[in-house]
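Number of protein chains: 6
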Amino acid sequence: MVIANDFFFSGLSKPADTANKANKVGSNVTLVNVDILAGLNTLGISLVRLDFEAYGLNPPHIHPRGTELLVVMEGTLLVGFVTSNPSKLFTKVLDKGDVFVFPIGLIHFQFNIGKTNAVAFAGLNSQNPRLITIANAVFGSKPPINPDVLIKAFQLDKGVVEYLEKEFMSN
Amino acid sequence: MVIANDFFFSGLSKPADTANKANKVGSNVTLVNVDILAGLNTLGISLVRLDFEAYGLNPPHIHPRGTELLVVMEGTLLVGFVTSNPSKLFTKVLDKGDVFVFPIGLIHFQFNIGKTNAVAFAGLNSQNPRLITIANAVFGSKPPINPDVLIKAFQLDKGVVEYLEKEFMSN
Amino acid sequence: MVIANDFFFSGLSKPADTANKANKVGSNVTLVNVDILAGLNTLGISLVRLDFEAYGLNPPHIHPRGTELLVVMEGTLLVGFVTSNPSKLFTKVLDKGDVFVFPIGLIHFQFNIGKTNAVAFAGLNSQNPRLITIANAVFGSKPPINPDVLIKAFQLDKGVVEYLEKEFMSN
Amino acid sequence: MVIANDFFFSGLSKPADTANKANKVGSNVTLVNVDILAGLNTLGISLVRLDFEAYGLNPPHIHPRGTELLVVMEGTLLVGFVTSNPSKLFTKVLDKGDVFVFPIGLIHFQFNIGKTNAVAFAGLNSQNPRLITIANAVFGSKPPINPDVLIKAFQLDKGVVEYLEKEFMSN
Amino acid sequence: MVIANDFFFSGLSKPADTANKANKVGSNVTLVNVDILAGLNTLGISLVRLDFEAYGLNPPHIHPRGTELLVVMEGTLLVGFVTSNPSKLFTKVLDKGDVFVFPIGLIHFQFNIGKTNAVAFAGLNSQNPRLITIANAVFGSKPPINPDVLIKAFQLDKGVVEYLEKEFMSN
Amino acid sequence: MVIANDFFFSGLSKPADTANKANKVGSNVTLVNVDILAGLNTLGISLVRLDFEAYGLNPPHIHPRGTELLVVMEGTLLVGFVTSNPSKLFTKVLDKGDVFVFPIGLIHFQFNIGKTNAVAFAGLNSQNPRLITIANAVFGSKPPINPDVLIKAFQLDKGVVEYLEKEFMSN
Chain P
1 MVIANDFFFS GLSKPADTAN KANKVGSNVT LVNVDILAGL NTLGISLVRL DFEAYGLNPP
61 HIHPRGTELL VVMEGTLLVG FVTSNPSKLF TKVLDKGDVF VFPIGLIHFQ FNIGKTNAVA
121 FAGLNSQNPR LITIANAVFG SKPPINPDVL IKAFQLDKGV VEYLEKEFMS N
Chain C
1 MVIANDFFFS GLSKPADTAN KANKVGSNVT LVNVDILAGL NTLGISLVRL DFEAYGLNPP
61 HIHPRGTELL VVMEGTLLVG FVTSNPSKLF TKVLDKGDVF VFPIGLIHFQ FNIGKTNAVA
121 FAGLNSQNPR LITIANAVFG SKPPINPDVL IKAFQLDKGV VEYLEKEFMS N
Chain E
1 MVIANDFFFS GLSKPADTAN KANKVGSNVT LVNVDILAGL NTLGISLVRL DFEAYGLNPP
61 HIHPRGTELL VVMEGTLLVG FVTSNPSKLF TKVLDKGDVF VFPIGLIHFQ FNIGKTNAVA
121 FAGLNSQNPR LITIANAVFG SKPPINPDVL IKAFQLDKGV VEYLEKEFMS N
Chain U
1 MVIANDFFFS GLSKPADTAN KANKVGSNVT LVNVDILAGL NTLGISLVRL DFEAYGLNPP
61 HIHPRGTELL VVMEGTLLVG FVTSNPSKLF TKVLDKGDVF VFPIGLIHFQ FNIGKTNAVA
121 FAGLNSQNPR LITIANAVFG SKPPINPDVL IKAFQLDKGV VEYLEKEFMS N
Chain S
1 MVIANDFFFS GLSKPADTAN KANKVGSNVT LVNVDILAGL NTLGISLVRL DFEAYGLNPP
61 HIHPRGTELL VVMEGTLLVG FVTSNPSKLF TKVLDKGDVF VFPIGLIHFQ FNIGKTNAVA
121 FAGLNSQNPR LITIANAVFG SKPPINPDVL IKAFQLDKGV VEYLEKEFMS N
Chain Z
1 MVIANDFFFS GLSKPADTAN KANKVGSNVT LVNVDILAGL NTLGISLVRL DFEAYGLNPP
61 HIHPRGTELL VVMEGTLLVG FVTSNPSKLF TKVLDKGDVF VFPIGLIHFQ FNIGKTNAVA
121 FAGLNSQNPR LITIANAVFG SKPPINPDVL IKAFQLDKGV VEYLEKEFMS N
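Protein chains in written order, with UniProt numbering: chain P, 1 to 171; chain C, 1 to 171; chain E, 1 to 171; chain U, 1 to 171; chain S, 1 to 171; chain Z, 1 to 171.
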């Protein structure tokens with residue numbers, strides 16, 4: 001029996017916590033996707049609220065299944081995405097009321113360059129856009145990627161790769 | 001030559017006018033679709049800002065190409081959609097931070113039931129979701145639909161149909 | 001165990017009843033969709049037979065999931081559809097052997113303007129194209145839409161809206 | 001400038017010629033696709049009228065882009081389709097008002113087993129469903145397929161293959 | 001619990017048998033589709049290894065759900081496909097390292113015209129592209145197609161059709 | 001005028017150069033996509049040949065538009081992909097004739113762990129699957145990503161980030 005509450009979610013009025021230990025980057029993303037709003041099933045859309053403390057970062061990541069269309073509510077964000085090869089960066093500073101598009105499958109980020117909190121909302125055209133946080137996927141996968149692969153791919157010393165795998169594996 | 005501005009739009013920070021003559025319903029919708037933000041091309045998403053004066057209405061309408069996922073920023077909205085036959089209404093009162101889904105192709109509305117202005121944002125999963133405002137399409141098409149069709153379909157007197165066609169044709 | 005009968009339906013040789021009480025508009029639509037012809041599953045097509053008594057009407061409606069391609073077998077029909085905003089009407093009188101397209105998601109109607117019965121067949125490109133009869137969805141939903149919404153949207157008196165909701169709710 | 005005639009086609013009221021020389025199989029198919037009805041563009045549907053003289057055949061063929069949903073208007077047809085490997089035949093005799101589905105991409109046929117003419121209409125879910133007549137594609141392609149391929153594939157004598165290539169190439 | 005082996009298949013290093021009785025055409029196709037590699041589910045791709053003895057043939061066939069992109073590893077193949085009506089043949093001789101495309105839904109074949117074995121690999125853009133071997137579908141379906149249909153469609157004598165149906169039914 | 005050569009490409013019989021300066025990772029990928037094989041247009045498939053010198057690496061990368069299905073022809077490869085959050089690694093050692101799937105949009109790599117050259121072929125279900133090489137996109141974009149973003153995201157010292165940006169920008 002379907003009811004109106006199946007199409008309803010409450011809880012985007014307040015900032016999410018950006019200061020907890022697990023979240024060293026100073027940002028927090030609240031995702032309203034089909035997992036918490038069942039009525040989205042088959043409908044191809046989801047919504048996020050993004051909270052940033054001062055100098056908080058939503059680090060480089062990819063949504064493999066969705067394009068993101070973001071509007072800033074409060075604060076000033078430096079945002080950007082990198083195209084597929086060749087790697088060209090499109091970047092912009094956004095203020096309140098500004099809108100920016102992050103095309104499906106491309107690496108992108110949002111960085112609060114102001115001294116105060118920032119808030120943004122974004123729509124994504126998938127009921128479950130998925131998230132690949134680049135640093136976590138590369139250096140923090142379980143089990144870890146063979147260090148020789150990362151040393152060669154990133155041209156880093158063995159010590160730096162081992163340090164990074166330790167850092168990101170513990171998250 | 002593609003540049004960052006192709007993915008950027010500025011202008012959703014201020015309320016749109018809800019009191020002009022052409023807009024008797026007391027609401028105004030600012031649409032960011034591919035027509036004004038070229039970078040949305042092929043990406044399957046758009047964004048709207050909805051402004052309502054007290055008791056303002058976004059009247060019953062359909063987006064034939066997109067589902068709408070709305071979040072209230074300010075005020076209190078009575079919202080609802082009607083399923084395809086049988087016609088079942090799903091309705092809800094939304095406050096700040098509340099989210100509601102309007103599935104693709106179904107008749108829906110948003111009504112400001114508070115004494116103050118209301119503001120909402122919504123994502124739609126189409127670069128051009130299109131809009132069919134029911135009353136305008138039925139009673140205000142150009143040229144008008146044969147009155148006999150409307151008399152029979154809506155079980156209205158000829159005079160009422162003629163009055164409605166005059167009203168909506170002049171918009 | 002799939003058998004040939006799964007792809008077979010019998011029963012479109014005779015007119016459907018157009019004079020029953022529930023059907024005041026003088027038409028009847030017999031739909032062959034996946035609900036009654038299981039072999040249509042995943043195949044993206046369905047079929048209708050439309051019967052009209054003299055001056056019978058298939059009232060303004062929408063198929064949210066399918067385009068309709070109609071051919072007249074008998075009689076003379078006035079048909080039309082209205083585009084999404086702006087609301088432009090495309091209309092035509094059809095005789096035997098004439099074909100007309102009703103694009104997906106747009107409001108359309110068929111009206112028998114002859115003194116005799118009319119018959120048409122149509123294909124729709126969905127196994128379940130769905131149906132939104134506009135007057136029923138707006139004035140006859142269960143529960144009813146808040147009358148203030150309809151008064152404002154259709155610019156009708158409260159009495160007329162109450163009359164219409166009573167009429168269409170009883171269907 | 002789009003007009004109502006872009007969505008209109010006239011000419012399915014009369015039987016097509018089934019007795020011309022090029023059409024030895026005693027049937028004729030009149031196709032209403034996007035090539036002759038421009039308004040079908042992007043809408044994913046088309047329509048055919050099929051005429052059969054007594055014992056006329058619409059020979060085994062495939063529509064690579066569309067499923068066909070057929071209804072008999074007059075006469076008696078033996079119809080069938082063969083599944084992909086393993087090759088299972090689903091077959092049925094259809095009378096007036098009977099409906100049958102031919103799934104996309106499968107070999108199918110319609111054969112008039114009555115002594116009188118037969119007529120059917122069918123919808124296909126593509127604006128251009130395409131047609132591969134098996135015998136013509138295999139034995140009548142231009143240039144012809146290497147006879148050694150056909151001899152081995154169909155386990156026919158060289159003389160029979162050469163006869164067939166001559167027959168079908170001249171069509 | 002998903003594991004790495006769900007995305008793994010072993011067994012394309014050796015030629016498949018091309019000399020068994022059921023396979024009179026002197027070729028054998030090893031298909032890696034979702035039925036034997038579960039991790040392909042929803043991913044829209046499959047792979048085949050094709051082995052040919054001298055003068056072996058992969059007879060005219062269709063993949064109703066996938067385009068095939070083939071690369072020759074060893075030997076010399078005559079390949080071709082026939083377009084939908086009109087039936088135009090595109091054909092080419094391929095040597096080691098040569099690539100050829102067989103578009104979705106079209107009749108195509110590969111014929112080893114060298115005196116030695118040939119090997120090719122091909123990708124198909126479906127997890128289950130399906131296979132319709134033309135001769136088997138037309139002359140070897142179970143139950144058989146009415147011989148009158150085949151006599152008229154292929155313009156063959158009754159005796160030849162009966163011979164062919166006997167041959168292909170026994171496979 | 002379409003000809004057979006539009007569906008044909010020659011040149012995958014020999015190894016590509018894996019020792020050039022620009023390609024420090026010791027691998028080389030030859031891509032047959034729609035840009036070099038026009039007949040692939042709209043057909044949704046492409047092909048690659050991958051060559052590896054001893055210990056050569058195809059570094060972590062993403063194809064935003066296509067799943068990759070790979071078969072090893074020669075040598076021994078360590079391969080793997082990382083799921084979207086949480087970051088789980090699926091990894092496997094492949095020998096000749098082994099097949100592995102890399103799902104669309106996920107970070108993956110192939111590493112030659114043998115002392116001899118390795119060769120693989122792969123199909124991808126897009127006419128243009130695109131390529132995002134992670135290290136190049138993050139550290140080598142033009143213009144470079146703001147170093148503060150990378151310092152925070154990868155938890156690296158400023159000096160290491162500057163070193164990496166210099167390395168990858170010069171490629």
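Every residue gets a Cβ at the ideal spot worked out from N, C-alpha and C, and that includes glycine.
Under 7 Å between C-beta atoms of residue i and residue j
i      : j      : result
L89/P  : S141/Z : yes
F139/S : E165/S : yes
L94/E  : G97/U  : no
F121/P : V71/P  : yes
P64/Z  : G105/P : yes
A16/U  : G75/U  : no
N20/U  : G56/U  : no
F7/U   : V101/E : yes
V25/Z  : P59/Z  : yes
T18/C  : D51/C  : yes
A54/P  : K115/P : yes
L77/C  : Q110/C : yes
A135/S : F168/U : no
Residue i - containing alpha helix (DSSP H), residue span
i      : result
D157/P : That residue, D157/P, is in no alpha helix (DSSP H); it is neither H nor E in DSSP.
I134/P : 134 to 139
DSSP bridge partner residues for residue i (one or two, in chain order)
i      : result
S84/U  : Answer by DSSP bridge pairing: none, since S84/U is not bridged.
T30/S  : R49/S
E74/S  : V119/S
V79/S  : K92/S, Q110/S
F7/S   : Looking at the DSSP assignment, F7/S forms no beta bridge with any residue, so it has no partner.
K166/S : Paired residue(s): none; K166/S is not in a bridge.
A142/U : The question names Ala, but residue 142/U is Lys in the sequence shown. Answer by DSSP bridge pairing, in chain order: K88/S.
L124/C : S46/C, E68/C
Any non-hydrogen atom of the ligand NAD closer than 6 Å to residue i Cβ
i     : result
V93/Z : Ligands in the displayed structure: none, and consequently the ligand NAD is not present.
Among the options, the one whose alpha carbon lies nearest that of residue i
i     : options                      : result
L69/E : P59/E, L124/E, P147/E, I45/E : L124/E
K14/Z : R65/Z, G97/Z, R49/Z, N33/Z   : R49/Z
V82/U : T18/S, K24/S, V160/S, A137/S : A137/S
V66/E : G44/U, E74/U, N85/U, I62/U   : Rather than Val, the amino acid found at residue 66/E in this sequence is Gly. Checked all of G44/U, E74/U, N85/U, I62/U; the closest Cα to G66/E is G44/U.
I36/U : L47/U, T116/U, F168/U        : L47/U
P86/U : L77/S, D157/S, H61/S, M73/S  : H61/S
V34/Z : N5/S, V99/S, V160/S, V29/S   : V99/S
Element boundaries [beta strand (DSSP E), containing residue i]
i     : result
V99/C : 98 to 102
P60/C : 57 to 62
*State whether the segment 129 to 147 of chain S contacts the segment 32 to 50 of chain Z, with contact taken as three or more CB pairs (one from each stretch) at a distance under 8 Å.*
The segment 129 to 147 of chain S vs the segment 32 to 50 of chain Z: no contact.
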